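A.B. asks:
Here it is as structure tokens:
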């Protein structure tokens with residue numbers, strides 16, 4: 002059942018030896034080229050007809066892009082039904098994640114829900130408890146918003162030091178798509194929240210029945226009941242047919258396969274907001290309800306899975322985001338954080354969304370310690386990992402937004418390192 | 041061009057004005073069907089720390105032990121110590137401030153409801169929502185007993201709910217990042233000579249736990 006996703010996975014070592022060879026030979030990305038297809042020769046695709054229309058009724062990426070896939074880390078969890086796969090950030094550009102590459106985090110596998118049998122129940126401290134079908138939700142006024150979704154445990158394996166070699170694994174529990182959905186406020190208006198309604202229990206309909214407490218203030222502010230991502234219906238992995246969108250807040254509360262919303266006057270303290278998603282501090286006490294994702298950034302290329310292939314002109318590329326608002330600036334350092342310069346932001350800069358940045362340089366084989374530092378419009382500056390550890394210790398698991406360091410070697414190979 | 045924009049702006053203003061005037065009372069779209077008490081009862085399975093949401097019924101530690109060995113121990117271990125890599129449910133007391141914190145029902149969970157609500161929603165893993173109310177009470181009582189929170193004779197029910205005292209109930213405090221981490225807000229972060237020369241202090245390649253061809257998943261649940 003799961004074998005299909007186990008498509009050939011590229012070996013990091015192959016990447017690295019490949020890169021080293023390229024740099025040594027001074028040839029760029031042309032190792033596998035077939036002379037018969039290169040000028041002055043004419044390739045077969047210039048002479049023969051290809052597939053016609055509708056031969057691929059739902060289009061897939063080119064077969065040459067088969068390595069651009071989500072990957073998981075086997076030793077992290079006991080079973081794939083409660084586990085995580087990571088977005089291949091190093092293979093992407095811009096700010097939109099293709100639907101099939103959005104990282105997955107399930108607690109009871111992927112629920113396959115027939116949309117005819119989908120129901121959303123809203124009850125509790127309300128005037129008029131209601132049940133909505135998917136068709137009901139689709140009839141209501143809707144909005145379109147681009148938001149990032151980051152798991153609070155993104156980079157959680159890196160608290161004690163550099164561990165996983167690739168931004169797919171260190172930072173790949175994030176994605177960013179355009180959602181279409183009904184503002185949660187509009188739905189709450191339909192049921193009529195009683196004055197003492199201060200918290201919502203939001204609950205999934207999958208086999209984990211994941212439930213979380215959501216403060217009313219956030220629910221009325223910008224949450225969405227979404228049924229589309231990037232124009233098409235949600236993917237099953239992302240909660241088809243309906244998920245909750247909680248902009249800027251940790252992914253765990255973006256309930257997938259949303260089946261129920263209960264209005265109450267206090268939080269529920271469910272397992273996912275006590276045993277999990279609380280941040281253990283060095284003194285043995287834990288922060289609770291740490292919903293907001295702090296500003297963070299990562300260089301996606303070059304990175305361990307995307308080594309430098311050629312000397313000379315180099316575009317450093319990465320992503321930045323903040324759960325508190327908009328990204329105001331991103332700085333890049335080539336020397337491990339001694340000196341910084343502002344990166345160029347390209348594309349839309351939206352509230353609680355990913356931002357793409359670039360920094361251009363010349364590289365001639367000298368060792369680099371690449372870092373990026375995000376700043377948001379509240380003035381928050383992404384801290385170094387050590388500054389973060391000085392306050393949060395190393396047992397927090399969640400909310401590791403420290404500055405990532407990539408070490409670039411003379412052969413173009415890139416490694417995840419810690420600096421001191 | 042600009043004339044059109046202005047016209048559009050003017051139009052939307054005049055159109056918006058009456059709508060705004062009505063907006064004090066939310067619009068009712070007449071969409072959605074009333075939820076009946078029976079429908080709500082079938083799905084409303086959450087339980088709060090104060091016992092709100094607890095179903096009728098009861099269960100003893102003794103009955104819970106039998107059930108736990110049948111339905112839970114294969115993954116969580118006979119004593120809650122965990123079998124393989126499944127979550128550990130017991131022990132770990134006094135470890136939270138150590139270098140190797142062990143978070144369990146006894147050492148970390150603040151409320152019995154966090155256990156009850158979770159088991160009611162999700163356990164046994166792969167056979168969720170299959171336990172009766174009495175079975176739920178019993179198996180939760182046994183998990184509490186494994187953690188020395190209730191004694192061998194204890195019977196868990198709505199009536200005895202408030203007798204359960206969780207050791208780590210005071211172990212949590214509200215998100216305080218905006219005060220304790222105020223230093224991270226800085227309008228003009230350093231740009232030049234910000235620190236002494238940088239040394240590499242750790243390498244991911246030395247740890248070597250990144251998946252590749254050699255460590256690729258062979259499939260199957262452990």
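Protein chains in written order, with this note's numbering: chain A, 2 to 421; chain B, 41 to 262. We put the beta carbon where it would ideally sit given N, CA and C, even for glycine. Only a predicted model underlies this, so the values are computations on that prediction, with no experimental measurement involved.
With DSSP as the reference, label residue 407(A) as helix, strand or coil.
C.D. replies: In the first chain, counting from the first residue as 1, residue 407(A) sits at position 406. If DSSP states are grouped into helix, strand and coil, residue 407(A) belongs with the strands.
A.B. asks: What residue range is occupied by the uninterrupted alpha helix (DSSP H) comprising residue 188(A)?
C.D. replies: Taking the first residue of the first chain as position 1, residue 188(A) is located at position 187. From DSSP, the alpha helix (DSSP H) with residue 188(A) extends over 185-192.
A.B. asks: Quick one: what's residue 372(A) bridged to in DSSP?
C.D. replies: Here residue 372(A) corresponds to residue number 371 of the first chain, with the count starting at 1. In the DSSP output, where bridge partners are listed per residue, residue 372(A) has 334(A).
A.B. asks: Confirm, please, whether the CB-CB distance from residue 386(A) to residue 351(A) is below 8 Å.
C.D. replies: The sequence position of residue 351(A) within the first chain is 350, counting from 1. The sequence position of residue 386(A) within the first chain is 385, counting from 1. Result no, Cβ atoms of residue 351(A) and residue 386(A) do not sit closer than 8 Å.
A.B. asks: What does the Cβ neighbour count give for residue 407(A), buried or exposed, with the cut at 16 atoms within 10 Å?
C.D. replies: Counting from 1 along the first chain, the entry for residue 407(A) is found at position 406. Buried is the call here.
A.B. asks: Looking only at its own chain, which residues have a Cβ that is under 6 Å from the Cβ of residue 25(A), when we skip the five neighbours before and after it?
C.D. replies: Counted from its first residue, the first chain places residue 25(A) at position 24. For residue 25(A), the pLDDT reaches just 38, beneath the cut-off of 50, and the residue's location in the model is therefore unreliable, leaving the point undetermined.
A.B. asks: If you measure from the beta carbon of residue 170(B) to each beta carbon in chain A, is any gap under 8 Å?
C.D. replies: Here the question's residue 170(B) lines up with position 130 in the second chain. False, the Cβ-Cβ gap to chain A never drops below 8 Å.
A.B. asks: Closest to residue 151(A) by C-alpha separation, out of 71(A), 353(A) and 413(A), would be which residue?
C.D. replies: Counted from its first residue, the first chain places residue 151(A) at position 150. The shortest C-alpha separation from residue 151(A) is found at 353(A).
A.B. asks: Can you name the start and end residues of the beta strand (DSSP E) that residue 145(A) belongs to?
C.D. replies: Here the question's residue 145(A) lines up with position 144 in the first chain. Start and end: 144-151.
A.B. asks: Within the chosen definition, does the segment 203-212 of chain B reach the segment 140-152 of chain B through at least 3 CB pairs nearer than 8 Å?
C.D. replies: At 8 Å Cβ cutoff, the stretches touch.
A.B. asks: Thinking C-beta only, is residue 401(A) closer than 8 Å to residue 157(A)?
C.D. replies: The residue given as residue 157(A) occupies position 156 in the first chain. The residue given as residue 401(A) occupies position 400 in the first chain. Going by C-beta atoms, residue 157(A) is nearer than 8 Å to residue 401(A).
A.B. asks: Kindly indicate which three-state DSSP category residue 258(A) falls into: helix, strand or coil?
C.D. replies: Locating residue 258(A) in the first chain gives position 257, counting from the first residue. Coil, per DSSP.
A.B. asks: Within this structure, are the beta carbons of residue 1(A) and residue 203(A) separated by less than 8 Å?
C.D. replies: Any property of residue 1(A) remains undetermined from this structure, which presents chain A solely from 2 to 421.
A.B. asks: Going along the chain, which residues of the segment 368-383 of chain A sit with their C-beta nearer than 9 Å to a C-beta in chain B?
C.D. replies: So the close ones are 370, 374, 376, 379, 380, 381, 382 and 383.
A.B. asks: With DSSP collapsed to three states, give me the class of residue 191(B).
C.D. replies: The count along the second chain starts at 1 and reaches residue 191(B) at position 151. Residue 191(B) falls in the coil class under three-state DSSP.
A.B. asks: Could you please give me the residues that DSSP links to residue 417(A) through a beta bridge?
C.D. replies: Here residue 417(A) is taken as the residue at index 416 of the first chain, counted from 1. According to DSSP, residue 417(A) bridges with 407(A).
A.B. asks: Check residue 74(B) in the structure and name its three-state DSSP category.
C.D. replies: Residue mapping note: residue 74(B) aligns to position 34 of the second chain, counting from 1. In this structure, residue 74(B) counts as strand in the three-state DSSP scheme.
A.B. asks: Quick one: give me the first and last residue of the alpha helix (DSSP H) that residue 183(B) is part of.
C.D. replies: Within the second chain, the letter at position 143 stands for residue 183(B). Unbroken alpha helix (DSSP H) run through residue 183(B): 173-186.
A.B. asks: Using a C-beta to C-beta distance shorter than 7 Å, which residues of chain A count as neighbours of residue 188(B)?
C.D. replies: Position 148 of the second chain, counted from the start, is the residue given in the question as residue 188(B). Simply none; closest approach about 18 Å.
A.B. asks: So which of 39(A), 86(A), 380(A) and 59(A) has the shortest CA-CA distance to residue 251(B)?
C.D. replies: If you number the second chain from 1, residue 251(B) lands on position 211. Taking only the C-alpha atoms, the option nearest residue 251(B) is 86(A).
A.B. asks: Locate the alpha helix (DSSP H) running through residue 222(A), then write down its first and last residues.
C.D. replies: Looking up residue 222(A) in the first chain gives position 221. Start and end: 217-222.
A.B. asks: Indicate whether at least one CB of chain A lies closer than 8 Å to the CB of residue 227(B).
C.D. replies: The residue labelled residue 227(B) in the question sits at position 187 within the second chain. It does: the Cβ of residue 227(B) has a partner Cβ on chain A nearer than 8 Å.
A.B. asks: Compute the beta-carbon to beta-carbon distance between residue 148(B) and residue 136(B), rounded to the nearest angstrom, for a pair I have assumed lies under 8 Å.
C.D. replies: Within the second chain, residue 148(B) is the residue found at index 108, counting from 1. Within the second chain, residue 136(B) is the residue found at index 96, counting from 1. Correct: roughly 7 Å between the Cβ atoms.
A.B. asks: Please confirm if residue 22(A) has its CB atom under 8 Å from at least one CB of chain B.
C.D. replies: Taking the first chain and counting its residues from 1, one reaches residue 22(A) at position 21. Residue placement at residue 22(A) is poorly supported in this model, since its pLDDT is 36, which falls under 50; the coordinates still yield a value, given next. Judged by the 8 Å Cβ criterion, residue 22(A) is not in contact with chain B.
A.B. asks: For the alpha helix (DSSP H) holding residue 114(B), just list the boundary residues, first then last.
C.D. replies: The sequence position of residue 114(B) within the second chain is 74, counting from 1. Residue 114(B) -> alpha helix (DSSP H) spans 113-116.
A.B. asks: Can you give the Cα-Cα distance for residue 34(A) and residue 44(A), rounded to whole angstroms?
C.D. replies: As a first step, residue 34(A) is located in the first chain; it is residue number 33 there, counting from the start. As a first step, residue 44(A) is located in the first chain; it is residue number 43 there, counting from the start. Roughly 12 Å separates the two Cα atoms.
A.B. asks: Is any beta-carbon of chain A found at less than 8 Å from that of residue 105(B)?
C.D. replies: Numbered from its first residue, the second chain carries residue 105(B) at position 65. False, the Cβ-Cβ gap to chain A never drops below 8 Å.
A.B. asks: Flag residue 132(A) as yes if its beta-carbon sits less than 8 Å from any beta-carbon of chain B, otherwise no.
C.D. replies: Within the first chain, the letter at position 131 stands for residue 132(A). Closer than 8 Å: yes.
A.B. asks: Please report the distance separating the alpha-carbon of residue 283(A) from that of residue 410(A).
C.D. replies: Position 282 of the first chain, counted from the first residue, corresponds to residue 283(A). Position 409 of the first chain, counted from the first residue, corresponds to residue 410(A). One C-alpha to the other measures close to 35 Å.
A.B. asks: Using three-state DSSP, classify residue 92(B) as helix, strand or coil.
C.D. replies: In the second chain, counting from the first residue as 1, residue 92(B) sits at position 52. Three-state DSSP puts residue 92(B) in coil, outside helix and strand.
A.B. asks: Distance check for residue 312(A) and residue 22(A), CA to CA, integer angstroms please.
C.D. replies: Stepping through the first chain from its first residue, residue 22(A) is reached at position 21. Stepping through the first chain from its first residue, residue 312(A) is reached at position 311. Confidence at residue 22(A) is low in this model, with a pLDDT of 36, below 50, so the placement of that residue is unreliable and no value is reported for it.
A.B. asks: What are the start and end residues of each continuous beta strand (DSSP E) run of 3 or more residues lying completely inside the segment 95-154 of chain B, in chain order?
C.D. replies: Whole beta strand (DSSP E) segments, 3+ residues: 98-100.
A.B. asks: Using a Cβ-Cβ cutoff of less than 8 Å, which residues in the same chain neighbour residue 97(B) once the five nearest sequence positions on both sides are dropped?
C.D. replies: Along the second chain, read from residue 1 onward, the residue named residue 97(B) stands at position 57. Hits under 8 Å: 172, 173, 174, 176, 177 and 197.
A.B. asks: Taking the alpha helix (DSSP H) that residue 136(A) belongs to, which residues open and close that run?
C.D. replies: Residue numbering aside, residue 136(A) sits at position 135 when the first chain is read from its first letter. Start and end: 135-140.
A.B. asks: For residue 485(A), would you say it is in contact with chain B, using Cβ-to-Cβ distances shorter than 8 Å as the test?
C.D. replies: Lying before the first or after the last residue shown, residue 485(A) is absent from chain A, which here runs from 2 to 421.
A.B. asks: Measuring CA to CA, which of 398(A), 299(A), 315(A) and 289(A) is closest to residue 210(B)?
C.D. replies: One-based indexing of the second chain puts residue 210(B) at position 170. Among 398(A), 299(A), 315(A) and 289(A), the Cα nearest to that of residue 210(B) belongs to 289(A).
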